[in-house]
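Okay, so here's the structure we're looking at.
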Amino acid sequence: MDRSRATPVANKRSDQAATQTSRTFTTQTATRPLLDITLLPSLLQYVDNDLLRRRSEHNYPPSENNFCSACGKLHDAAKVRSTYLPLTCGCWMHYRCFIDHVVGQDANRRGHKNDCCPACGTRLFIWEGIVALTLAQRTVVWMPGTKFAWRDSYVDEHTGYLVTSDKSAYESDCALISGLIQKRFLDMFAPNAPAPRYTDGSPDLTACYYKVLQDLGSYGRPRAKWLSFSRTGAQDGSVGLSMFGMLVTLKMRGFMIEQHSAIVETEGWADFENAREELRGKILRDVRGSGWSWAAVESA
Ligand SMILES: [Zn+2]
Ligand SMILES: [Zn+2]
Numbered sequence: 001m002d003r004s005r006a007t008p009v010a011n012k013r014s015d016q017a018a019t020q021t022s023r024t025f026t027t028q029t030a031t032r033p034l035l036d037i038t039l040l041p042s043l044l045q046y047v048d049n050d051l052l053r054r055r056s057e058h059n060y061p062p063s064e065n066n067f068c069s070a071c072g073k074l075h076d077a078a079k080v081r082s083t084y085l086p087l088t089c090g091c092w093m094h095y096r097c098f099i100d101h102v103v104g105q106d107a108n109r110r111g112h113k114n115d116c117c118p119a120c121g122t123r124l125f126i127w128e129g130i131v132a133l134t135l136a137q138r139t140v141v142w143m144p145g146t147k148f149a150w151r152d153s154y155v156d157e158h159t160g161y162l163v164t165s166d167k168s169a170y171e172s173d174c175a176l177i178s179g180l181i182q183k184r185f186l187d188m189f190a191p192n193a194p195a196p197r198y199t200d201g202s203p204d205l206t207a208c209y210y211k212v213l214q215d216l217g218s219y220g221r222p223r224a225k226w227l228s229f230s231r232t233g234a235q236d237g238s239v240g241l242s243m244f245g246m247l248v249t250l251k252m253r254g255f256m257i258e259q260h261s262a263i264v265e266t267e268g269w270a271d272f273e274n275a276r277e278e279l280r281g282k283i284l285r286d287v288r289g290s291g292w293s294w295a296a297v298e299s300a
């Protein structure tokens, strides 16, 4: 996705120059209108492009006595040290306080949804559970295991798990993914399985991967909040959808290496690895655009 942004202009300046002009840039960003809701970025695009790349503004609040709009503490008095930065709505807060809000565990909630600024309520990005989970893990924020009301609990008909919380829903979906990977892999060795298309006779792991995805779709998965993704948005799928695909490839890769390590030398494996790399490249392009390098952003 090629979204042109104003922020790289600030990043090209030297640190000193950027510091001197940071308020100018802050003001410009704060008044930027969000007119078209369909242009909202994915949560990951928002964090990695709109927030973390604006380093020249980080830790330079508008005043010495600036209080975090999320936790209410003085900007340099957070319990856990964290970058202090402005959201695109103009509210300043600790990065960890922002992430706490995104995953729904900020202590001072004002009723604003996870895709909105916790302070002023402006809608900022498209929220997807699997993206929020990834960001929480990257920031080492603990994932809340919200318990369901008893009437919302259920037994997963495909795994037999008793699902009573977001955490157990996540575990049940993961167990289903692992079970389907195993089943679809063994199917390739059944007597009626189609002949392998590779000269070395190795199984078509890429086709196996797509069958697992198809199965998951037909079962209405993922069901878990922390694996959910948007089914609208970009034509070739949301960032969350790509990340869900990546999760499945990584589980499949782990299964192969641990239980069928001989497959690593095969043509089928090489194709599967190429497909995984392509998907990784797509996520990078979608999130950062083609002009940015992966290493340019560090966790705040
Ligand atoms: Zn804070
Ligand atoms: Zn705000």
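In full-length UniProt numbering, the protein residues as written are 1 to 300.
All C-beta atoms, glycine included, are put in the ideal place defined by N, C-alpha and C.
Taking only heavy atoms of ligand 1 into account, decide whether any of them is closer than 7 Å to the Cβ of residue i.
i	result
cysteine 117	no
histidine 94	yes
alanine 136	no
alanine 70	yes
lysine 73	yes
alanine 149	no
cysteine 97	yes
alanine 78	yes
Whose CA, out of the options, lies closest to the CA of residue i?
i	options	result
alanine 224	Gly160, Lys167, Asp115 and Val212	Lys167
arginine 276	Glu258, Ala262, Gly254 and Lys73	Gly254
serine 238	Lys79, Phe125 and Asn65	Phe125
residue 303	Lys79, Lys147, Arg81 and Arg96	This structure cannot speak to residue 303, because the chain is shown only from 1 to 300.
methionine 252	Arg151, Glu273 and Leu74	Glu273
threonine 139	Thr159, Arg197 and Val80	Val80
cysteine 174	Cys120, Val212, Leu51 and Cys116	Val212
serine 178	Leu162, Ser230, Arg280 and Pro222	Pro222
arginine 189	Gly145, Gly240 and Pro203	The displayed chain sequence assigns phenylalanine, not arginine, to residue 189. The option with the nearest alpha carbon to phenylalanine 189 is Pro203.
glycine 121	Ala78, Cys89, Leu205 and Arg288	Cys89
valine 103	Thr146, Ser69 and Leu284	Thr146
phenylalanine 244	Ser261, Phe185 and Tyr170	Tyr170
leucine 135	Leu250, Leu52 and Arg280	Leu52
alanine 149	Gly220, Ser165, Gly72 and Gln214	Ser165
Classify residue i: buried if its beta carbon has 16 or more other beta carbons within 10 angstroms, exposed otherwise.
i	result
asparagine 49	buried
serine 172	buried
glutamate 258	exposed
leucine 85	buried
aspartate 286	buried
aspartate 100	buried
leucine 133	buried
glutamine 45	buried
valine 155	exposed
valine 264	exposed
proline 33	Note that proline 33 scores a pLDDT of 48, beneath 50, so its modelled location is shaky; the value from the coordinates is reported in the next line. Exposed.
threonine 266	buried
threonine 24	In this prediction, threonine 24 scores a pLDDT of 35, lower than 50, which makes its location untrustworthy; the coordinate-derived value is nonetheless stated afterwards. Answer is exposed; the Cβ neighbour count stays below 16.
Compute the beta-carbon to beta-carbon distance between residue i and residue j, rounded to the nearest angstrom, for a pair I have assumed lies under 8 Å.
i	j	result
serine 242	lysine 282	6 Å
leucine 216	leucine 162	At roughly 21 Å, the Cβ-Cβ gap does not stay under 8 Å, so leucine 216 and leucine 162 are not in contact.
leucine 43	glutamate 157	Not really, about 31 Å apart at Cβ, beyond 8 Å.
So does residue i have its beta carbon nearer than 7 Å to some heavy atom of ligand 2?
i	result
threonine 199	no
leucine 40	no
leucine 85	no
Should residue i be listed as close to ligand 4, given that the test is whether its C-beta is under 7 Å from any heavy atom?
i	result
cysteine 91	Because ligand 4 does not appear in the structure shown, any question about it cannot be addressed here, the ligands present being ligand 1 and ligand 2.
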